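J.: With the first letter of the sequence shown counted as 1, position 118 gets the number 122 in the working numbering; the numbers rise by one all the way through.
C-beta atoms are modelled at their ideal positions from N, C-alpha and C, and glycine is treated no differently.
Predicted model only: the values in this text are computed from it and were never measured.
Provided herewith is a single structure, encoded as structure tokens, for subsequent inquiry.
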Amino acid sequence: MEMPEKCERVDLFAKRYPLIFAKADLPWGLECGVGWDALLASMFDKIEPVLAVAPKSKFRPLQIKEKFGALRFYYEAKGFDKESQAKISAAVDEAETASQRTCEVCGQPGKIRRTNWIRTVCDSCADRIAANDVD
Ligand SMILES: [Zn+2]
5 MEMPEKCERV DLFAKRYPLI FAKADLPWGL ECGVGWDALL ASMFDKIEPV LAVAPKSKFR
65 PLQIKEKFGA LRFYYEAKGF DKESQAKISA AVDEAETASQ RTCEVCGQPG KIRRTNWIRT
125 VCDSCADRIA ANDVD
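Dropping the structure here:
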């Protein structure tokens, strides 16, 4: 069976962030465009060290997706102290906020557009998507 591209992206992140992805079960892979991979990496860069110093905690990514033009990272976090929990939440909030001004397709500065679709993209990606839109 051919591995979908999205699952390859999960594997790449899992190699870089073994603690975050140790218990990950992401059957749909990463449900967002590659333009947000840098945002995800900078979020994981902040979360991985928190997990490293909390060996009794449990962290599990549940879903990483685009919703209404913004990144959503759903996860389960158990057994963290307040400070660690706050660091994780802050990293996630930051990435979700940044996604609303980052093109999901190419990673360039973008903005949320609501036409017959809602996505955060840059001008040139918006033009290209509109041109390919058959609806
Ligand atoms: Zn773009």
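For F77, name the three-state secondary structure that DSSP assigns.
T.: Numbered from 1 along the sequence shown, position 73 holds the residue referred to as residue 77. If DSSP states are grouped into helix, strand and coil, F77 belongs with the strands.
J.: Determine the extent of the alpha helix (DSSP H) in which R132 is found, giving its start and end residues.
T.: As a working note, residue 132 is residue 128 in the sequence shown. It spans 127-136 - the alpha helix (DSSP H) in which R132 sits, taken as one unbroken run.
J.: What are the boundary residues of the beta strand (DSSP E) that includes L66?
T.: Within the sequence shown, the letter at position 62 stands for residue 66. Its beta strand (DSSP E) spans residues 62-71.
J.: If you drop the 5 nearest sequence neighbours on each side, which residues of the same chain put their C-beta closer than 6 Å to that of C107?
T.: On the sequence shown, position 103 is the one that residue 107 refers to. Excluding residues within five positions, the ones whose Cβ falls inside 6 Å are G39, G114, V125, C126, C129.
J.: With burial defined as no fewer than 16 other Cβ atoms inside 10 Å of the residue's Cβ, what is the status of V96: buried or exposed?
T.: Position 92 of the sequence shown holds residue 96. Answer is buried; the Cβ neighbour count reaches 16.
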